[in-house]
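Below is one structure, written out as structure tokens, with a few remarks after it.
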Amino acid sequence: MMKFLEKHLGKAWLLLVYAFLYLPLLFMVVFSFNSTRQDARFTGFSLRWYEALTRDSKIVEGFFLSLKVAAVTGVLSATLGTFAAFVLVRYRRFFGRTLFSGMVNAPLVMPEVVIGLSLLLLMVGAQNLLGWPERGMLTIILGHTLVGMAYAMVVVQSRLLEMDRAIEEAAMDLGARPHQVFFLVTLPNIFQAILAAFLLSFTLSFDDVVISEFLSGPGVNTLPQVIFGYARRGINPTIYAAATLLIATVTVVIVAYSVWVARQTRRRAREIAAATRS
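With this note's numbering, you'll find the sequence shown wraps up at 505, consecutive numbering, no jumps.
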């Protein structure tokens with residue numbers, strides 16, 4: 228009995244964890260094809276909620292706004308996070324390093340409601356003083372970038388810490404300038420981490436509700452805000468359809484990224500093996 232438990236208890240526990248995480252998503256996907264508004268009983272297969280989704284201007288406009296905000300946020304977060312990670316890893320001692328590191332990492336542990344409220348007060352004060360910026364897409368991007376940059380920095384920093392400095396030193400021995408070493412040697416080696424940081428920041432921005440609620444203006448609502456507003460008013464299977472499409476899109480992107488990373492890893496291993504033999 229003890230051997231049976233030792234052999235199968237871990238698998239059973241893992242199965243329960245996966246069921247807890249993914250069964251709700253499965254039920255939501257199933258009921259997005261329900262023919263009626265009931266969510267307790269499946270009454271028949273239908274695509275009516277997907278058709279209704281295409282006619283819902285709030286969801287469509289919110290989706291494209293979230294897409295634009297997340298894309299800009301992902302680029303800014305990956306860029307700023309890469310610079311911050313490079314400074315913290317490559318320059319061990321400089322005045323204010325501890326303060327800089329703490330400020331970059333603070334959004335990781337700070338509650339989003341505190342960040343959103345603080346940014347709201349800042350934006351309102353700046354608007355009263357300078358007349359800019361008005362709350363809307365720009366302020367949402369700024370707020371999301373503040374959080375996304377911290378996550379991007381952690382991802383890129385971990386890659387820089389495990390990167391072999393010998394290849395950079397070899398490039399400098401061959402006459403490369405520091406900026407050439409960064410763009411021709413360092414950047415290609417950390418590109419996968421930068422791409423992962425972009426995808427993580429993109430996802431965090433696309434999914435955010437709290438900061439968007441504080442920083443959005445009249446008539447400017449991201450897709451999570453629209454869905455959250457619908458959910459507070461009761462059952463709307465159109466939300467299920469929108470969430471199902473998002474799940475499908477995210478799954479395709481993750482699978483494609485995983486395949487690309489696996490191919491890149493195998494190609495790099497073959498190149499290293501060929502260089503070693505030669």
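Cβ coordinates follow ideal geometry from the N, Cα and C atoms, glycine included.
- request: Return the Cβ separation of Gly363 and Val302 in integer angstroms, given the expectation that the two are a contact with Cβ distance under 8 angstroms.
  value: Mapped onto the sequence shown, residue 363 falls at position 136. Mapped onto the sequence shown, residue 302 falls at position 75. Contact flag wrong, Cβ pair sits at about 19 angstroms.
field: beta strand (DSSP E) runs contained entirely in the segment 284-356, provided each spans 3 or more residues
entry: none
message: Please report the straight-line C-alpha distance between Ser273 and Leu348, rounded to a whole angstrom.
response: Position 46 of the sequence shown, counted from the first residue, corresponds to residue 273. Position 121 of the sequence shown, counted from the first residue, corresponds to residue 348. Cα to Cα, the separation comes out at about 47 angstroms.
message: Which same chain residues end up closer than 6 angstroms to Val437 when comparing Cβ atoms and leaving out the 5 residues on each side of it in sequence?
response: In the sequence shown, the residue the question calls residue 437 occupies position 210. Glu339, Val340, Gly343, listed in sequence order.
- prompt: Is the segment 478-491 touching the segment 413-432 in the sense that three or more CB pairs, one from each, lie closer than 8 angstroms?
  reply: yes
- prompt: Is the distance from the Cβ of Ala311 to the Cβ of Thr465 below 7 angstroms?
  reply: Mapped onto the sequence shown, residue 311 falls at position 84. Mapped onto the sequence shown, residue 465 falls at position 238. No.
field: Rounded C-alpha distance that separates Ala246 from Leu472
entry: Counting from 1 along the sequence shown, the entry for residue 246 is found at position 19. Counting from 1 along the sequence shown, the entry for residue 472 is found at position 245. Each residue's alpha carbon lies about 21 angstroms from the other.
message: My assumption, with CB atoms under 8 angstroms, is that Ala483 sits in contact with Ser428. Please give the rounded CB distance.
response: The count along the sequence shown starts at 1 and reaches residue 483 at position 256. The count along the sequence shown starts at 1 and reaches residue 428 at position 201. No, Ala483 and Ser428 are not in contact; Cβ-Cβ is about 18 angstroms, not under 8 angstroms.
message: Quick test of your reading: Ile367 and Ser439, contact by CB under 8 angstroms. State the CB separation rounded to the nearest angstrom.
response: Sequence index remark: in the sequence shown, residue 367 carries index 140 (1-based). Sequence index remark: in the sequence shown, residue 439 carries index 212 (1-based). Rounded, the Cβ-Cβ distance is 5 angstroms, consistent with contact.
- prompt: Is the segment 384-398 touching the segment 308-326 in the sense that three or more CB pairs, one from each, lie closer than 8 angstroms?
  reply: yes
- prompt: What is the C-beta distance between Ala297 and Phe418, in whole angstroms, given that I count them as a contact (C-beta under 8 angstroms)?
  reply: Walking along the sequence shown from the start, residue 297 turns up at place 70. Walking along the sequence shown from the start, residue 418 turns up at place 191. Ala297 to Phe418, Cβ: 20 angstroms. No contact.
message: At the level of alpha carbons, what is the spacing between Phe409 and Val331?
response: For the purposes of this step, residue 409 is taken as residue 182 along the sequence shown, with counting starting at 1. For the purposes of this step, residue 331 is taken as residue 104 along the sequence shown, with counting starting at 1. Spanning the two alpha carbons is a distance of roughly 22 angstroms.
task: Report the partner residues of Phe272 according to the DSSP bridge assignment.
output: On the sequence shown, residue 272 is found 45 positions in, with the first residue counted as 1. BP columns for Phe272 point to Asn261.
field: Rounded distance between the beta-carbons of Ile286 and Leu401, thought under 8 angstroms
entry: Residue numbering aside, residue 401 sits at position 174 when the sequence shown is read from its first letter. Residue numbering aside, residue 286 sits at position 59 when the sequence shown is read from its first letter. That belief does not hold up - the Cβ atoms of Leu401 and Ile286 are roughly 55 angstroms apart, past 8 angstroms.
field: Distance between beta carbons of Gln407 and Gly289, contact taken as under 8 angstroms
entry: Locating residue 289 in the sequence shown gives position 62, where the first residue counts as 1. Locating residue 407 in the sequence shown gives position 180, where the first residue counts as 1. Their Cβ separation, rounded to whole angstroms, is 44 angstroms, which puts Gly289 and Gln407 out of contact at 8 angstroms.
task: Return the CA-CA distance between Ile462 and Leu335, expressed in angstroms with no decimal places.
output: If you number the sequence shown from 1, residue 462 lands on position 235. If you number the sequence shown from 1, residue 335 lands on position 108. Cα-Cα distance, rounded: 33 angstroms.
query: Got a sec? Which residues, its chain only, sit under 7 angstroms from Thr270 by beta carbon, not counting five neighbours each side?
result: Within the sequence shown, residue 270 is the residue found at index 43, counting from 1. Answer for Thr270: Asn261, Ser262, Thr263, listed in chain order.
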